[in-house]
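Take a look at the structure below.
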Amino acid sequence: HLRRAYSDACGRREKLTQAAFVDFLKRVQGDDVEIHPPTKDEYTFEEFLGEWTLNHKLGGLGNLSALGNLRPDQKDFSKPISNYFISSSHNTYLEGHQITSQSSSQIYKKVLDRHCRCIEIDVWDGDTSVHAPSRSKSPDPTHKRHHSSSSLPTYEGMKQRFIWPKSPRLHNRQASARELMLAPSTSVEDSSSSHTLDPEALSDRLMASQARPKSSTNKSEPLVMHAWKEPRSKRVVTLTTPVGFREVCKAVRDSAFSHDNHLPIIVSLEVHCCFEQQEVMVKIMKEEWAGYLLDKPFDDCDPRERQPRLEELKDKILVKVKRAHDDERCERTGEKKTPICETLAALAVYTHSEHFKAFGTPAARTHSHIFSIVEGDIRKLYEKSPAELLDHNRHYMMRAYPHPILRIGSHNPDPSVFWRKGVQMVALNWQDKLYDKMALHDAMFTEDTQGWVLKPRGYRSTDDESDKPEYRTLTLRITVYAGLFIPLPEAQSERSDARGAAIIGDGDAYKDFKPSVQVDLAVSHDKASGKLIQKTTAKETEHPDWGPGGYSLEFVGVPDVVEELSFVRFKIRDESRFYRDQTAVAAWACIRLDRLRQGYRLVDLTDCKGNPSPGKLFVKIDKVVR
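Read in order, the letters of the sequence shown correspond to residues 2 to 627 in my numbering.
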């Protein structure tokens, strides 16, 4: 295929002339020839390949990468923080499912190492008996006991405590998540007229939880876990293994500014603790984040007057928590959220949580506020007041998060939908096993962005009325020629040592593998998203070849496209009869449209979970944006 590119560049000549080489680099590849112009009069194929891939511009095969560099103006850190999209995680502490997975401090290291810059910590009371409970500062008079990791429900306790009234739907595999989370419990004495939540279904998960070694959590300190209160008894219930708040803070400290990333981190706190434990939280954060925690305003940046600029916040950890006087209700249960003590609330210097009521309220005009709004409500706001939503998000901060019931399996909404509405923080479940939505996130927040991406023109607070989003029309043709070292779908990988087999050339692991390439566009025109999909025919082996002419996929005249908010997503599927649905996905790639380079390119593939792989696609990209 590279020889065909050489022949096309040569035209009718036997060798490639300097003029033809320059024309090829400019017209076909869209490269800046002035940076490293060809110097020889003529080039053989070998000389052409060496100059093209080894010497020109980037050096090495990187010059063939389909992913282009950030423009210099996209690396501007001088604007207020509302002018950036921020890589954000939802329920960061969980390893998987929202209800039954384990909590772990190591997850914080993993996401921070991938340049996540907004993390979430759900904090609950530890055992505060050593702190004179009779003098507890808890503002809730019904709050009578606290929970350590040893007092939370275990498997044996679950058989006694998780008892629900008879309901056929609870024994149906399609029972709603709301029933599972919110169904009231009855006493053990009433169990004759009740059904327990199938203990066998929970047995493996809960017994495995007991078998894990206990973390070195100080029982008098707060805990991090996914939990909820039973509506009737108000008891705290969790199926997860808690981890200590201090342990999480240490993990954040150790990884916050690793890999030469000095851009700030926002810690979003969901606080379920009494006042006494909140004071302990403050103490821990000041101890573990000493030198990094931003606990007071800069002298020249009054939060009542302006937002800080991104460059002012380097190497800083910002706390997002609600103010002490706020009266907010839980999105899931409608109950009042735990009040926040003054000491903890004071840490939210430039990033305080604010309950959304309306855009016209005084709270919606404070420079430090952040509205956290569930995904569906943001869609409704946009339908009702699109101009107000976009204007708010130019000047102030907003965070979108997945619906707690609809996304109980830790799946994600399409983040690009919310970026197009100016939402800075679109919190996603990084533990989602379906990588399709995280692929969009990873395309927006490539490693060179370090988790903060400058918004495009028309979405910034510094824009005037003439600076509107540039809506353009796209025509895109992608010709797929071949693949190299395509990874297997997860299901087949688990049944064989397929990765090792691929490296040593053992074809048996791939004998039934029939990969196809699906390309879809996630574009700024929301109504078109999900409809712009095309797919190649299926080929065989981990090195599929679509012949000398390749297989062309074309999208003509796609309207209302903002390049910086649109994405081209590649999905490699196994079309053999043994696979269906998501188990057929072998690999992914996703590139933001403005960074998609034209010409003959290599597309780097991740495996089905988004991990790096040796897989690549060789394609030719023709992109016209008018």
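A virtual CB, placed ideally from N, CA and C, is assigned to each residue, including glycine.
This structure is a prediction, so every number in the text was calculated from the model and none was measured.
Buried or exposed by the 16-neighbour rule on C-beta atoms within 10 Å, applied to residue i
i, result
"E555", "exposed"
"V625", "exposed"
"I36", "exposed"
"L538", "For the record, residue 538 in the displayed sequence is Thr; it is not Leu. Looking at its Cβ environment, which holds fewer than 16 other Cβ atoms inside 10 Å, T538 is exposed."
"N262", "buried"
"D521", "buried"
"T362", "exposed"
"R665", "Since the displayed the chain opens at 2 and closes at 627, residue 665 lies outside it and no answer follows."
"A291", "exposed"
"Q161", "Model confidence at Q161 stands at a pLDDT of 41, short of 50, so the residue's coordinates are unreliable; what they give is reported in the following sentence. So Q161 ends up on the exposed side."
"D123", "buried"
"H260", "exposed"
"G377", "exposed"
Rounded C-alpha distance that separates residue i from residue j
i, j, result
"A428", "A67", "27 Å"
"E280", "M286", "10 Å"
"C575", "A587", "Contrary to the premise, residue 575 reads as Asp rather than Cys in this sequence. Looking at the two C-alpha atoms, the distance is approximately 7 Å."
"W125", "D114", "26 Å"
"V524", "K438", "14 Å"
"G158", "S234", "At G158 the pLDDT is 41, less than 50, meaning the model places this residue with poor confidence; the figure from the coordinates comes in the next sentence. When rounded, the distance between both Cα atoms is 15 Å."
"V557", "L475", "7 Å"
"S411", "M445", "20 Å"
"E271", "T93", "12 Å"
"P240", "Q308", "Checking the sequence shown, residue 240 turns out to be Leu, not Pro. The straight-line gap from Cα to Cα measures roughly 40 Å."
"S88", "F78", "15 Å"
"L594", "V569", "6 Å"
"R28", "I534", "27 Å"
"M282", "T242", "19 Å"
"Y397", "F276", "29 Å"
"K76", "G423", "19 Å"
"I622", "K284", "55 Å"
"P560", "P470", "13 Å"
"D33", "L597", "15 Å"
"M426", "C119", "8 Å"
"H544", "W53", "23 Å"
"W38", "E448", "First, the amino acid is wrong: residue 38 is Pro here, not Trp. Distance between the alpha carbons of P38 and E448 is about 29 Å."
"G551", "Q519", "14 Å"
"N612", "L50", "30 Å"
"D316", "L224", "26 Å"
"E121", "L264", "17 Å"
Within 7 Å, strictly: CB atoms of residue i and residue j
i, j, result
"L566", "W420", "yes"
"A585", "V604", "no"
"Y402", "H2", "no"
"V418", "R473", "no"
"S462", "S83", "yes"
"Y482", "F619", "yes"
"S354", "V322", "yes"
"E289", "K251", "yes"
"A325", "A359", "no"
"H227", "L95", "yes"
"K572", "E541", "no"
Residue i, DSSP secondary structure in three states
i, result
"I622", "strand"
"I479", "strand"
"P200", "Confidence is the limiting factor: at P200 the pLDDT is only 42, short of 50, which leaves the residue's position unreliable and the question unanswerable from this model."
"E15", "coil"
"G484", "strand"
"P169", "For P169, the predicted structure reports a pLDDT of 39, less than 50, and the residue's modelled location is therefore unreliable. A value from the coordinates is still provided. Reduced to three states, the DSSP call for P169 is helix."
"W547", "coil"
"D392", "helix"
"W290", "coil"
"T450", "helix"
"A10", "helix"
"T607", "strand"
"I464", "A small fix is needed here, since residue 464 is Asp in this sequence, not Ile. D464: coil per DSSP, three-state reduction."
"I36", "coil"
Residue interval of the alpha helix (DSSP H) (run including residue i)
i, result
"A346", "343-346"
"L264", "Per DSSP, L264 belongs to no alpha helix (DSSP H) and is neither H nor E."
"W420", "416-420"
"Y109", "107-114"
Bounding residues of the beta strand (DSSP E) (the contiguous stretch that carries residue i)
i, result
"A67", "No beta strand (DSSP E) contains A67, which DSSP labels as neither H nor E."
"H404", "It is not in any beta strand (DSSP E) - H404 carries neither H nor E in the DSSP assignment."
"P516", "516-523"
"H353", "353-355"
"H370", "370-375"
"S553", "552-562"
"D575", "568-575"
beta-carbon residue i near the ligand FAD non-hydrogen atom, thresh 6 Å
i, result
"L295", "Absent from the structure shown: the ligand FAD. Ligands present: none."
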